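Since the structure comes first, as structure tokens, the remarks are kept for the end.
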Amino acid sequence: MHSKDRTSLGANAPSLVCDAAQREQTKQLATAAAFAIKGDCEHCGGTGYSDQTVRQIVHCFSPSGFGSDWELARVHAAIDSARYVRWTNDITGHDLVVSIDGEPYRFQVKKPARAEDAA
């Protein structure tokens, strides 16, 4: 049986994150990588926020390559519930790969070693 996780960003990717402590560290790195926006999302047209509402966002590429901004709480939930969380070395800085419904989503969070290099 073929698994969707068997992609270069899935089962063959380096640096598997499994345990709770590693996932917590990954969520901390996602929090550090998040950026703040006010009001509605300019990329996806998300509505329902006042101009004064500040949201923490992390950029993501879907398996099909489309980009979108995710609320930080949603990224944390995905990390907690993912079958796997992996690190890659993506040229765009989307190093965090999270399995969501069997599909690899790449988040703009730098791999821990790269995060240290950027500081």
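Quick note, the sequence shown lines up with residues 19 to 137 if you use the working numbering.
Every residue gets a Cβ at the ideal spot worked out from N, C-alpha and C, and that includes glycine.
Remember, it's a predicted structure, so these values are computed and weren't measured experimentally.
Cutting at 7 angstroms between CB atoms, please list the residues of its own chain near Lys45, excluding the five before and the five after it. If we look at Lys45 and ignore the five residues flanking it on each side, its Cβ neighbours are His94 and Ile97.
Leu34: buried (16+ other C-beta within 10 angstroms of its C-beta) or exposed? Here Leu34 is exposed. Its C-beta has fewer than 16 other C-beta atoms within 10 Å.
Give the single residue among Ala39, Asp108 and Gln40 whose Cα lies nearest to the Cα of Phe79. Asp108 is the residue among Ala39, Asp108 and Gln40 whose C-alpha sits nearest the C-alpha of Phe79.
In whole angstroms, give me the CA-to-CA distance for Thr106 and Pro81. One C-alpha to the other measures close to 14 angstroms.
Between the CA atoms of Arg101 and Gln40 - distance to the nearest angstrom: Whole-angstrom Cα-Cα distance: 14 angstroms.
What is the residue span of the beta strand (DSSP E) that Gln74 lies within? Here the beta strand (DSSP E) through Gln74 covers Val72 to Phe79.
Exposed or buried, which one is Asp113 when buried takes at least 16 other CB atoms within 10 Å? Asp113 comes out buried.
Specify the secondary structure class of Arg124 as computed by DSSP and reduced to three states. Under the three-state reduction of DSSP, Arg124 is assigned to strand.
Start and end of the alpha helix (DSSP H) containing Ile109? From DSSP, Ile109 is part of no alpha helix (DSSP H); its letter is neither H nor E.
Whole angstroms are fine: how far does the CA of Val76 sit from the CA of Ser117? Ser117 and Val76: Cα-Cα distance of roughly 16 angstroms.
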